[in-house]
Structure formats: structure tokens, C-alpha cells
Amino acid sequence: MDLNCYITESTIDGADEGPLAGVTVAVKDNISTEGVRTTCGSEMLDDYVPPYDATVVEQLTAAGATIPGKTNMDEFGMGTTTETSAFGPTENPAAPGHVPGGSSGGSAAAVAAGEADMALGTDTGGSIRCPAAFCGVVGIKPTYGLVSRYGLVAYANSLEQIGPIAPTVEEAAQLLEVVAGPDERDATTRDARDHGGNYDFAAAADGDVSDMTIGVPTELVEDADEAVLDRFHESLDELEAQGATITEVELPSVEHAVQAYYVIAMSEASSNLARFDGVRYGTSGGYDGNWNETFARAREAGFGEEVKRRILLGTYALSAGYHDKYYKKAQDARAWVKQDFDSAFESVDVLASPTMPVPPFELGESLSDPLKMYLADANTTPVNLANLPAISVPAGETADGLPVGLQLVGPAFGEQTIIRAASALE
Ligand code: GLN
């Protein structure tokens with residue numbers, strides 16, 4: 040069965056030796072690969088072939104990995120189901136007839152189906168953790184600045200990070216070790232060692248939660264589906280049985296997180312996507328003496344509906360007169376979310392919640408209702424607003440056999456702690 044995990048299947052060979060020798064790592068199609076087309080799931084970039092590799096791609100091949108292809112994704116990362124791709128939807132191998140989640144749905148499906156050993160995705164508001172949860176695999180959204188974004192085609196640059204998707208916590212941690220580290224070509228990267236962290240991620244997957252305090256934010260639990268909550272509470276019981284202390288915490292600001300996230304993400308997108316005008320990047324609109332018309336034709340033909348909706352809303356939120364009303368308010372909410380997480384981490388080591396409040400949607404179910412899709416990001420978006428690391432680890436299945444994911448959030452550069460806690464559930 041063809042799940043449509045890949046937009047382009049084209050092998051990029053790695054070095055003969057290295058920590059990932061003999062391992063295949065699929066790469067999301069918004070990460071630049073020299074000589075291999077990089078479409079971002081968009082008609083606009085249907086025939087775009089980057090002249091250089093992203094830093095993470097250089098790191099993968101230097102570590103010996105083989106890249107089997109570029110994975111399917113929601114157009115420019117805008118979606119939660121991989122259905123906004125111009126190259127058709129991907130099917131969930133763990134739940135036939137259902138979406139694989141998004142936007143890194145091709146990456147998670149490829150790993151779940153064994154079409155790649157591991158994969159890279161990107162996470163702006165949940166796009167690694169959501170598909171990992173829906174496909175029953177592990178995904179890590181790193182602390183902002185841990186992994187270089189050089190060569191990643193930007194959607195909302197203040198929120199997004201590249202991160203690993205793998206069958207187990209240890210493998211995901213191993214892949215994170217390869218791509219983490221400061222990069223002089225991305226000024227937003229930071230050295231974990233300057234911030235109380237280090238890069239020994241795989242060794243942290245030792246399952247030892249005996250000294251750990253795990254906080255459960257009531258706000259991220261109360262609205263979840265019952266079938267999801269059952270699995271969530273079972274996982275907490277298991278962690279408690281292994282010696283962890285479970286305690287309730289409050290994050291009152293997160294009820295505004297989805298709204299703040301979408302205003303900020305759409306505002307940044309409206310600016311980042313301005314370069315796709317058919318002249319600088321993208322398929323030409325055909326010049327006929329009027330540049331405005333030429334650009335408009337290129338963007339009308341090249342972008343899908345969801346991308347156009349977001350560019351329009353983002354431009355509106357940034358326009359004179361509305362900037363203070365929407366964009367500035369969203370930034371204030373972002374600061375408040377950050378503060379709430381900071382105070383929570385004064386009393387707990389990690390925070391736990393369901394990754395997604397719902398099990399995977401059926402194919403086609405959510406496309407006509409963008410708001411429903413946005414609200415499914417309630418538990419993942421606060422983490423991006425606060426620039427924190429988080430992992431999604433499988434927490435069993437619903438009675439209908441649909442995968443459920445557990446999310447663990449850590450303090451900045453606290454990757455080891457979330458890896459340790461997640462590995463206790465395997
Ligand atoms: N679903 C969110 C969005 O559509 C997250 C996407 C992402 O993380 N790239 O914006």
C-alpha cells in the first residue's frame with residue numbers, strides 16, 4: 040500500500056562511517072537538500088532545487104546517515120493533518136483511514152511504516168509531536184536554539200525548531216545528538232553548555248524517574264477526550280509506580296495560547312512568505328508590464344487555500360491600526376505563558392499532558408473546519424510560545440486501536456530530563 044510518505048524519493052548517501060552509518064533518515068521537505076527538490080508541500084516550489092544543504096543535512100551525511108527522500112507535509116508546515124499538501128494526503132500506517140497528523144506527517148508515517156529508520160521533522164506549534172502521537176512513534180521538539188535552522192524554509196521563525204522522529208526514545212535522542220549544537224550560520228542557535236545543559240542525550244534514556252517530580256497542568260488535561268485521558272492516567276500511574284511523584288500544577292495563561300500562537304505564526308508567515316512572488320522564488324506569474332499583477336498571479340496559482348488564509352490574516356494582524364490590538368496582545372500573552380512555565384518549573388522537573396487532546400482524525404474530517412484543526416493544538420502550542428523542549432512518547436491505544444501520545448515538557452535545555460522520563464514508559 041502506498042501511504043504517500045514521500046514527495047520526492049531520491050537517495051542522498053552519507054559518509055561510510057559515523058554514528059548513523061547504515062541508518063536511513065528521511066527529511067521533511069521544508070529542509071534544503073542540495074540538488075534534490077525541496078517543495079515545502081507547495082505547488083509554488085514544485086520545481087525548486089536548492090543550491091545548498093541545510094546544516095542538519097550536512098550533519099546527517101557527515102554522521103553516515105543515508106537520506107532516502109523528502110517527506111510529505113502540510114503546505115509550508117501549515118496544518119495538523121498533512122492534508123494541506125499540494126501532493127495529496129499521507130495515510131496513517133498505525134490507523135488506516137486516518138490522518139498521520141501534521142505538519143510532519145510524512146516523516147512520522149515513514150518511521151511508523153518502516154520506510155525509514157528515523158526522520159527529521161519541524162515543529163512550529165506541534166508539527167513533530169502531533170504526528171508522532173498520531174502514528175505511535177517518538178518525537179522531540181528541542182529547546183529553541185538547540186538545533187540550527189539554517190536551510191529550513193521559514194514558516195514562523197521565532198517558534199520553529201527541527202527535531203527527530205524515531206521508533207524509540209533512545210533512537211530519537213541519538214538523532215538529536217547528531218543535529219544539536221551551535222551554528223555560526225544561524226545566530227539564534229545557542230550552546231547548551233552555556234545554559235546548564237549538555238549533548239549526552241542518548242545516555243539519558245535510562246528510565247530512572249525515582250527522584251522525579253512530574254507536574255500535571257489541569258488546563259491541559261480537562262478538555263481532552265475520554266479515550267485519550269484513560270491512556271494518559273494509566274501512563275501517569277506507571278510513572279508513579281516507578282517512583283516518580285505526581286502533582287497538579289496550574290498554568291492559567293495557556294487558555295490564551297492557541298489564539299496567541301495563531302496570531303504570531305500567521306504574522307510571521309505573512310512576512311516570511313513574501314519572497315514567493317515568482318521572481319525571487321516560486322513559479323513565475325508571467326510578466327505582462329505590471330509587476331503587482333505578475334506577483335498576484337504567481338501567488339494566486341502557487342499557494343493553497345490554507346496558506347492564503349494565513350497570509351491574509353497575518354497581514355491584517357500586522358497592519359497599521361490593528362498591530363497593537365492583535366500582534367502586541369499576542370506577544371503579551373506569549374510573555375505570560377513563558378512566566379507560567381518558569382514558575383511551574385520552580386516546583387517540578389517536568390510537566391505531563393496528553394500530546395493531542397483527540398485521537399487521529401479520519402481522512403477528510405477536519406479540512407473544512409480550520410478552527411477545529413487549530414484548537415487541536417491546545418497542548419502543543421504553549422511549548423513553542425515558551426521556547427521549551429518537549430517529547431511525545433506512545434501511551435497506548437484507544438479501544439478503537441487509535442494511537443495516543445503523552446507529552447513531557449522540560450525547562451529550557453532540559454532535554455535530558457524529558458528523555459529520561461519518556462524512556463521510563465517504554
Ligand atoms: N498545526 C500548527 C499550525 O498549523 C502547527 C504547525 C507546525 O508546527 N508547523 O500552525
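For the sequence shown, position 384 (counting from the first letter as 1) is numbered 423 according to the numbering used here, and the numbering increases by one without interruption.
We put the CB at the ideal spot given by N, CA and C, even for glycine.
- Beta-bridge partners assigned by DSSP to H137: E401.
- For V448, DSSP records a beta bridge to L390 and A429.
- With a cut-off of 7 Å, the C-beta of M83 is classified as distant from the ligand GLN, since no heavy atom of the ligand falls inside that distance.
- Taking 8 Å as the cut-off, the beta carbon of A460 is found no closer than this to the beta carbon of H234.
- Residue E114 holds the alpha-carbon nearest to the alpha-carbon of G127 among A133, E114, I201 and A212.
- By DSSP's assignment, E48 forms a beta bridge with G108.
- Per DSSP, the unbroken alpha helix (DSSP H) holding E277 starts and ends at E265 to A280.
- For P170, the enclosing alpha helix (DSSP H) stretches over residues R168 to C174.
- Pairing E258 with L290 gives a Cβ-Cβ distance under 8 Å.
- Here P170 is not near G136, since their CB atoms are 8 Å or more apart.
- A residue is called buried when at least 16 other Cβ atoms come within 10 angstroms of its Cβ; V218 meets this threshold and is buried.
- Collapsing the DSSP output to three states places P203 in a strand.
- The residue from D230, P181, A193 and A226 with its alpha-carbon nearest to that of F315 is A193.
- A distance criterion of 7 Å places the beta-carbon of M251 beyond contact range of the ligand GLN, judged by its closest non-hydrogen atom.
- In this structure, V255 sits away from I430, with a CB-CB distance that is not shorter than 8 Å.
- Secondary structure of V95 (DSSP, three-state): helix.
- At a Cβ-Cβ threshold of 8 Å, D416 and V260 do not count as neighbours.
- Here DSSP, grouped into helix, strand and coil, assigns G178 to strand.
- The ligand GLN approaches M117 closely enough that one of its heavy atoms is under 7 Å from the residue's Cβ.
- Taking the CA atoms as reference points, S274 sits about 36 Å from K368.
- Where D416 is concerned, there is no enclosing alpha helix (DSSP H), because DSSP gives it neither an H nor an E.
- Relative to I51, the option among A60, A93, G108 and L42 whose CA is nearest is G108.
- When DSSP assignments are scanned along the region 191–263, the uninterrupted stretches of beta strand (DSSP E) that are 3 or more residues long and fall wholly within it turn out to be 200–205 and 252–256.
- Taking all protein chains shown into account, N329 has fewer than 16 neighbouring C-beta atoms within 10 Å of its C-beta and is therefore exposed.
- In the DSSP assignment, K67 falls within the beta strand (DSSP E) that extends over V64 to K67.
- Of all alpha-carbon atoms in D162, V88 and E97, the one lying nearest the alpha-carbon of Y183 is that of D162.
- Sorting A280, G153, L185 and G144 by C-alpha distance to the C-alpha of S166 places G144 at the top.
- The beta carbon of G175 is closer than 7 Å to those of A133, A151, P433 and P442 in its chain, skipping five residues each way along the sequence.
- Scanning G116, P58 and A65 for the CA closest to the CA of N311 turns up G116.
- In the three-state reduction of the DSSP assignment, T456 falls in the helix class, which pools H, G and I.
- The C-beta of P90 has fewer than 16 other C-beta atoms within 10 Å across all chains shown, which makes the residue exposed.
- Counting along the chain, the unbroken beta strand (DSSP E) around G160 starts and ends at M157 to D162.
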